[in-house]
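Numbering (my numbering), first residue to last: 259 to 540.
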């Protein structure tokens, strides 16, 4: 029998999704994992009753947080992913043939194990790729002692509650920057500004203190309700955000990647901010 699962991430706003069938419902050491079927969105993953990803709209979030910084960089060989246990981010990053190594740091091995079983349409065979260096650890601890340097670092975190809370601190961002090679790019998920404005404001304050070029860009993901979602951007090479459309188009063609949301024109336009979000960024 179907039932409604209600996300109560926000005090004054709820998101309800009909669960036609529950495939998985279990507590791990860190959080409660649920995978259920929804007629519109396919399989839906929630952590502690908060929607993380769905089969039908995951491509928007993962494409914009993976392809945009990699193509902006232009020569990314090593990529760091913090979080992203569903494997969608890893799968998108590995589409880039020029990427030689991806280190993924996930705090909860249980998320990866059940994603391979229940969300195979999202992660596909990414966890079998020989370029993957999978580390089961707290992302905060990893960046604090990181010896390698990465061209792109992607923070694919949950919302700033529970295990994901520490991934939104100034200390974490500073340590993450230290993991970057010269000219490297750090990108983060920063929630829906209309409902989570402090999240974006605090991240941008930290990024402005850390990077020569600090900004954010947007994408609209249907199940992250409440308006467009923001992604933080930080690098010490301002030219990487100013790439011409022609250069981006050439890199996109050479990458040979099929996408459903990302394209070079969207890449450039994503940095154009509505006034209310621009005021949060400062």
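Every residue, glycine too, gets a C-beta built ideally from N, C-alpha and C. Every value quoted in this text rests on a predicted model; they were computed, and no experiment measured them.
message: In whole angstroms, give me the CA-to-CA distance for residue 510 and residue 361.
response: In a straight line, the C-alpha of residue 510 is about 23 Å away from that of residue 361.
message: Do residue 454 and residue 489 count as a contact pair if the criterion is CB distance below 8 Å?
response: When the beta-carbon positions are compared, residue 489 and residue 454 stay at least 8 Å from each other.
message: Less than 8 Å between the beta carbons of residue 380 and residue 343, yes or no?
response: Going by C-beta atoms, residue 380 is not nearer than 8 Å to residue 343.
message: In the DSSP assignment, the beta strand (DSSP E) including residue 502 goes from what residue to what residue?
response: For residue 502, no beta strand (DSSP E) run applies, since DSSP gives it neither H nor E.
query: In three-state terms, what does DSSP make of residue 365?
result: Residue 365 falls in the coil class under three-state DSSP.
task: Just tell me which of 460, 492, 387 has its CA closest to the CA of residue 435.
output: 492 is the residue among 460, 492, 387 whose C-alpha sits nearest the C-alpha of residue 435.
message: Please tell me whether residue 393 and residue 400 are closer than 8 Å, where the distance is taken between their beta carbons.
response: Taking 8 Å as the Cβ cut-off, residue 393 and residue 400 qualify as a contacting pair.
query: What's the gap between the Cα of residue 463 and the Cα of residue 349?
result: The alpha-carbon of residue 463 is positioned some 31 Å away from that of residue 349.
query: Distance, Cα to Cα, residue 475 vs residue 442?
result: Between the C-alpha atoms of residue 475 and residue 442 there is a straight-line separation of about 17 Å.
8 Å contact criterion, which residue 296 and residue 278 should meet: CB distance rounded: Rounded to the nearest angstrom, the Cβ distance from residue 296 to residue 278 is 6 Å, consistent with a contact under 8 Å.
task: Taking the CB atoms as reference points, tell me whether residue 309 and residue 481 lie closer together than 8 Å.
output: Taking 8 Å as the cut-off, the beta carbon of residue 309 is found closer than this to the beta carbon of residue 481.
query: Expressed to the nearest angstrom, what Euclidean distance is found between the alpha-carbon atoms of residue 289 and residue 398?
result: Roughly 18 Å separates the two Cα atoms.
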